[in-house]
Every structure is written in structure tokens, then in C-alpha cells.
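Adding 357 to a residue's 1-based position in the sequence shown gives its number in our numbering.
Glycine residues also receive a C-beta, built at the ideal position from the N, C-alpha and C atoms.
None of the values given here were measured: they were computed from a predicted structure.
Beneath this line is the structure, given in C-alpha cells, with notes to follow.
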Amino acid sequence: MAKREILQYPDPRLRTPAKRVEVIDDRVRALVEDMFETMYDAPGIGLAATQIDVHERIVVMDVSESGDEPQVLINPEIIERAQTCDIAEEGCLSIPGYADNVERPDALLLRAQDIDGNEFELRAEGLLARCIQHELDHLEGRLFIDYLSDLKRKRLRRRYEKTARQRAEQTNRSGAV
Ligand code: NI
């Protein structure tokens with residue numbers, strides 16, 4: 358297993374739509390292991406392959422308090438959404454240091470494949486439903502901040518562009534020694 362680098366907003370690669378996984382083989386199983394290691398290490402409750410620059414429809418999650426209930430979703434699709442919504446605070450491993458309220462449907466029905474390729478359906482509500490929607494958005498190249506007002510998003514973009522520039526400058530300096 359190996360920890361992977363998590364892409365940081367506003368990295369344009371976070372906007373890449375993911376493709377379907379056609380064959381669940383050793384390559385995919387190794388990738389899923391790396392994704393769990395990266396997510397638990399961060400630490401986070403969900404990670405989409407997009408966030409480690411792999412543009413395939415794979416998500417790992419663990420919304421349990423004890424952090425010992427790993428769930429993997431391959432080729433996930435939301436097939437039903439509740440008419441009712443709730444509002445809760447979200448954050449993202451690709452946008453560290455920022456959290457804000459997002460309104461989303463409060464329940465859903467999901468269809469996905471497990472690590473052996475078996476198709477299953479999952480009814481989710483509360484935090485799990487929110488996490489699934491957040492991660493599936495990543496697979497479409499969407500981020501939770503896309504739901505915020507234009508003004509907030511513009512401010513955030515400037516702030517994170519500055520951080521990215523500083524990170525790049527630091528790398529250049531240490532590289533020049
Ligand atoms: Ni995220």
C-alpha cells in the first residue's frame with residue numbers, strides 16, 4: 358500500500374470527469390487500498406479517485422465513529438433522490454481549512470459495484486447520504502464550493518490560488534539549493 362498525493366484546489370485536474378471502471382482487477386484493488394490509506398491518513402471520511410488524479414469512478418468512505426467500517430463504491434450511480442433536503446457543514450480534503458453549509462437531498466438510493474464486481478443497492482440518509490453525494494460530485498469534477506454564492510467562491514479561489522503560488526515558490530526555492 359502507498360499513500361497518494363491529494364490534489365489541492367484550484368488544481369484544474371479536480372475538474373476532470375471520471376470514466377467507468379470496466380474491469381475490477383488487481384490494479385483496481387491496489388488502487389482502492391492506496392485510497393483507503395490516503396483517506397485514513399489525512400484523516401477524512403471519504404475520498405474519490407479524482408482527488409488522487411485517477412479519473413475512474415471509484416470512491417472510498419468510512420463514516421463510522423470508530424473508523425473501522427470501510428466502504429468502497431465502484432461505478433456508483435444515484436438512482437433516486439429524496440424530495441426533502443437538509444443543510445449541513447461540509448469540508449473537503451482537496452480544500453483544507455475551509456468548511457461551509459451545503460443544502461442537499463437528505464436521502465438517496467445508490468447502485469454500485471463492490472470490490473468483487475458484485476452490484477448492490479444502498480439506501481442512505483444523514484451523513485452517509487451527504488458523503489456519497491459529495492464524493493460522487495468529485496467524480497463529475499464538481500466541488501462542494503460550487504454550491505456557494507459567486508462572491509464566496511471568487512474569494513475562496515483567490516485565497517487558494519495564493520496558497521498554491523506560495524507552495525510552488527517554496528518547492529522552487531528548496532529545489533534551487
Ligand atoms: Ni471532497
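- Sorting M358, L500, D398 and L388 by C-alpha distance to the C-alpha of Y455 places L500 at the top.
- Segment contact: the region 387 to 398 against the region 413 to 422, three or more CB-CB distances shorter than 8 Å; contact assigned.
- Taking the Cα positions, Y366 is about 16 Å away from G401.
- Residue range G403 to A405 is occupied by the beta strand (DSSP E) that includes G403.
- According to DSSP, residue pairing for K509 in a beta bridge does not occur.
- Apart from sequence neighbours up to five positions away, the residues of its chain that approach Q490 with a beta-carbon distance below 8 Å are I435, R461, P462 and L465, ordered along the chain.
- With the rule of 3 Cβ pairs closer than 8 Å, the region 374 to 392 does not count as touching the region 500 to 519.
- Separation of the CB atoms of I363 and I409 is rounded to 6 Å, and the pair is thereby assigned contact status at 8 Å.
- For F393, the enclosing alpha helix (DSSP H) covers residues D383 to D398.
- Shortest gap from the CB of C488 to any heavy atom of the ligand NI: 6 Å or more.
- For K519, no pairing in a beta bridge is given by DSSP.
- Residue state for I489 is assigned as helix, using DSSP reduced to three classes.
- In this structure, P427 keeps its C-beta atom at 7 Å or more from the C-beta atom of L467.
- Approximately 7 Å separates the beta-carbon atoms of R487 and E447; this is inside 8 Å, confirming the contact.
- DSSP places I502 in the helix class (H, G or I) of the three-state scheme.
- Between the alpha carbons of C442 and L496 lies a distance of about 22 Å.
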